[in-house]
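Heads up: the protein sequence lines correspond to chains A and B, in order.
For the first sequence, the residue numbers in the working numbering are 410 to 662.
For the second sequence, the residue numbers in the working numbering are 2 to 249.
By construction, the Cβ of each residue, glycine as well, lies at the ideal position given by its N, Cα and C atoms.
Treat the numbers as computed from the prediction; the structure is a model and nothing was measured.
Okay, structure first, notes after.
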Amino acid sequence: MKNTIFNILYISSKIAYSEIKVKYRRSILGPLWISVNMLITIFALAIIFSSLFKLEIKNYIPYVFSGLLAWNYINTIVQDSIYLYINGAIKNFNFPVFFFPFKNILKNTIISSHNIIIYIIILITINHDILNLNILYILIALPIYFLNSAFISLSIGLISLRYRDIGQIILNLMYLIFLVTPIFWDPNILEGKKILLAQYNPLYSMIEIIREPLLGKIPSFKNYIYCILTTIVNGVLAYIIFKKNFNNKVFWL
Amino acid sequence: MNNDAEIYVKLNNINLEIKYFANKFRFFDSKKVIIKAHKILNNISLEIKSGDKLGIIGANGAGKSSLLRLIAEIYKPTSGDFIKNGSCLGLFGNIFYDENLLGIEFIKNSLLLYGRNKNEIEQLIKNIINFIDVGDYIYKSMSTYSEGMKARVSLGTIIFAKPSILLVDEGIGAGDRFFIDKTKDIINKILYETPILIMASHDENLLLKFCTKSILMNKGKIIKTGQTQDIIEYYKSKEFEKDFIKNF
């Protein structure tokens, strides 16, 4: 097969789409179940934390929804990456290097796009003032997200294929990261050195470059710099892991 | 499809070695990790041109499947030169990355992976469905298929994708006798038309039918090359048995 990036993207997207169809076959709501789950979480969080943080619910819902949108994408990419290569198929066919990472990205992008539509509907209903053209800044975030997702899929996929404990460690870490990253809470409530949790947390910048445009604001330049640095680090790590491990992956099944 | 004249497979002093940990990595089991090296393929040199039908014979663990997987680029050689030209597909086993796919979805996705475009897939799909002959199961999840049905789907999809280099690791005899009777003419035609066929099998009749030349492998090495009939006779001889037992 022609191993051009576009060709692999085309094949991966076709296969990702058919896998989503399969996953939600015989379900009435289909992938919208993800949005339903998210809505339930958001409303539960909104009821509790808006009163705890003394925030207006019409401002808190968009804040937590946009944060969770970005977080859910990152989280599912990481979780699906753990089992990316743990699949007998790689023993029987020479899949292109980026076939599984691209499939992972496209599958989660299709699913996340459902949530964005729901977000916009909710925003129009409860607080349409914050919806403006700054939402287009999301287009800058997308290539950063896709690149990082490809690198992370490749690195985590290979590492957790080789060391089966790594996947479990990552799953536990992700929960911890969710709690310490300002996703459902406002970083401004932190005092003293605790503010570093937000300032030097690369995941916070990743969340911000999606959340700010969704809240009608422009992400800060610092956020973009952190994201680009994170992308470079992820890229270098992925390259090292790929060079060292990709050719031997079949022997770790 | 590539021009027949350009289709070839060349292996020069190929070695495939696996370094592995004797004890699996554990966080709470601090036994010393010993690295072992195991040579799977040892100094393999081969040149296969368009029109060649090569059989690979050998006992279990001789390296037949590893050699095929190396030609399919699933295994990468540790050292040596390997070049090939031509679309190459291998019938090794399932490539079911998702068993929840319907049979028809699996065939379409596989053909995409095999490099076929949308129009070609539309043309091929009818012939493949007729060949596989699993009835309504083609619209059911692959997870409901028997092993024989899965093998038929894999076989049908690969042979109708018509690669220039076809690698077969057993598997041609998939299916019940009704399926074999019904499809033998199609299989024969496609296999004869394939520019390069490399087949590893324990089935003498299959090898004699399709392969003009054969190689005999033992412990990752090619120990004899020649006409398929001669290689089979040597493989069955006391002489080989003596050498094999001595070397084992």
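Candidates the options: closest to residue i by CA position
i, options, result
"V10 of chain B", "B:D182, B:I72, B:L217, B:G62", "B:I72"
"S147 of chain B", "B:E100, B:G227, B:N86, B:S51", "B:E100"
"N43 of chain B", "B:I232, B:I159, B:T79, B:F132", "B:T79"
"F211 of chain B", "B:F107, B:I96, B:I188", "B:I188"
"T213 of chain B", "B:G56, B:G221, B:L17, B:N118", "B:G56"
"L532 of chain A", "A:P471, A:A455, A:V506, A:Y572", "A:P471"
"E205 of chain B", "B:R117, B:D231, B:E194", "B:D231"
"I568 of chain A", "A:K652, A:W480, A:S521", "A:K652"
"K163 of chain B", "B:F93, B:G116, B:Y235, B:D182", "B:G116"
"N61 of chain B", "B:S155, B:D170, B:K141", "B:D170"
"I561 of chain A", "A:A647, A:T413, A:V473", "A:A647"
"F241 of chain B", "B:T184, B:I122, B:K151, B:G59", "B:G59"
"E18 of chain B", "B:D186, B:G221, B:L125", "B:G221"
"Y76 of chain B", "A:F502, A:Q488, A:K603, A:Y482", "A:F502"
"F511 of chain A", "A:N597, A:I414, A:V589", "A:I414"
"L545 of chain A", "A:I627, A:G576, A:Y554", "A:I627"
Delimiting residues of the beta strand (DSSP E) encompassing residue i
i, result
"N219 of chain B", "214-219"
"A201 of chain B", "197-201"
"N86 of chain B", "80-86"
"G64 of chain B", "Here G64 of chain B belongs to no beta strand (DSSP E), and DSSP marks it neither H nor E."
"I634 of chain A", "Not the beta strand (DSSP E): I634 of chain A falls in the alpha helix (DSSP H), residues 630-654."
"K119 of chain B", "It is not in any beta strand (DSSP E) - K119 of chain B instead sits in the alpha helix (DSSP H) that spans 119-133."
"I224 of chain B", "222-228"
"L90 of chain B", "89-92"
Rounded separation between residue i and residue j - CA only
i, j, result
"L624 of chain A", "N416 of chain A", "36 Å"
"L47 of chain B", "F245 of chain B", "22 Å"
"P440 of chain A", "L192 of chain B", "44 Å"
"M143 of chain B", "K432 of chain A", "13 Å"
"N656 of chain A", "E106 of chain B", "29 Å"
"L570 of chain A", "I491 of chain A", "7 Å"
"I437 of chain A", "S427 of chain A", "17 Å"
"G136 of chain B", "I130 of chain B", "8 Å"
"P591 of chain A", "L548 of chain A", "22 Å"
"S255 of chain B", "L103 of chain B", "Only positions 2 to 249 of chain B appear in the structure, and residue 255 of chain B is not among them; the question remains open."
"L464 of chain A", "I486 of chain A", "31 Å"
"F601 of chain A", "Q608 of chain A", "Residue identity differs from the one stated: residue 601 of chain A is Gly in this sequence, not Phe. Each residue's alpha carbon lies about 12 Å from the other."
"F630 of chain A", "E621 of chain A", "12 Å"
"V506 of chain A", "S66 of chain B", "22 Å"
"L461 of chain A", "W442 of chain A", "28 Å"
"N110 of chain B", "I530 of chain A", "35 Å"
"F28 of chain B", "D82 of chain B", "Note that F28 of chain B scores 49 on pLDDT, short of 50, meaning its location in the model is unreliable; the coordinates nonetheless yield the value given after this. F28 of chain B and D82 of chain B: Cα-Cα distance of roughly 39 Å."
Other residues of its chain near residue i: CB distance less than 7 Å, five sequence neighbours each side excluded
i, result
"S422 of chain A", "L515"
"Y633 of chain A", "I618"
"I8 of chain B", "S51, N86, G87, S165, I166, P196, I197"
"K500 of chain A", "V659, L662"
Neighbourhood of residue i by C-beta, 8 Å cutoff - its chain only, sequence neighbours within 5 removed
i, result
"K1 of chain B", "No answer is possible for residue 1 of chain B: the residues shown for chain B start at 2 and end at 249."
"S475 of chain A", "Y528, I619, R620, L623, L624"
"I641 of chain A", "none"
"A498 of chain A", "F504"
Delimiting residues of the alpha helix (DSSP H) encompassing residue i
i, result
"D170 of chain B", "From DSSP, D170 of chain B is part of no alpha helix (DSSP H) but of the beta strand (DSSP E) over 166-170."
"G149 of chain B", "148-162"
"G104 of chain B", "104-114"
"G476 of chain A", "466-491"
"G566 of chain A", "547-571"
"L461 of chain A", "441-461"
"Y76 of chain B", "Run containing Y76 of chain B: none; DSSP gives neither H nor E here."
"R620 of chain A", "611-623"
"H523 of chain A", "508-535"
"E205 of chain B", "205-211"
"L606 of chain A", "605-608"
"I424 of chain A", "414-432"
Spatial neighbours of residue i in its chain, beta-carbon cut-off 6 Å, leaving aside the 5 residues before and after
i, result
"S444 of chain A", "H523, N524, I527"
"K239 of chain B", "none"
"S614 of chain A", "N632, Y635, C636"
"F509 of chain A", "L493"
"P611 of chain A", "Y635, T639"
"L208 of chain B", "G56, S202, T229"
"A38 of chain B", "E18, K20"
is_contact[residue i, chain E] using C-beta, thresh 8 Å
i, result
"G94 of chain B", "Of the chains in the structure shown, none is chain E; the protein chains are A and B."
Scan the stretch 412-427 of chain A for residues whose Cβ lies nearer than 7 Å to a Cβ of chain B and list them as they occur along the chain. I420, K423, I424, S427
Select from the stretch 500-517 of chain A all residues with a C-beta closer than 9 Å to any C-beta belonging to chain B, and list them in chain order. Cβ contacts with chain B: K500, N501, F502, N503, F504, P505, F508, F509, K512.
When you check each C-beta in the stretch 457-475 of chain A against every C-beta of chain B, which residues fall closer than 9 Å? none
For the stretch 71-86 of chain B, enumerate the residues whose C-beta is nearer than 7 Å to any C-beta of chain A, in chain order. A73, E74, I75, Y76, K77
Name, going along the chain, the residues of the stretch 623-656 of chain A whose beta-carbon falls closer than 8 Å to a beta-carbon of chain B. N656
Taking a cut of 9 Å between CB atoms, which residues from the stretch 582-596 of chain A lie near chain B? Answer set for the stretch 582-596 of chain A: empty.
Using a Cβ-Cβ cutoff of 7 Å, what residues of the stretch 99-119 of chain B are near chain A? List them in chain order. Legend: CB atoms of the stretch 99-119 of chain B lying less than 7 Å from CB atoms of chain A belong to residues D99, N101, L102, E106, N110, L113, L114, Y115, G116.
Got a sec: which bits of the stretch 138-162 of chain B sit with their beta carbon under 7 Å from any beta carbon on chain A, in order along the chain? none
In chain order, what residues of the stretch 546-561 of chain A put their CB closer than 8 Å to some CB of chain B? Correct list: empty, as no residue qualifies.
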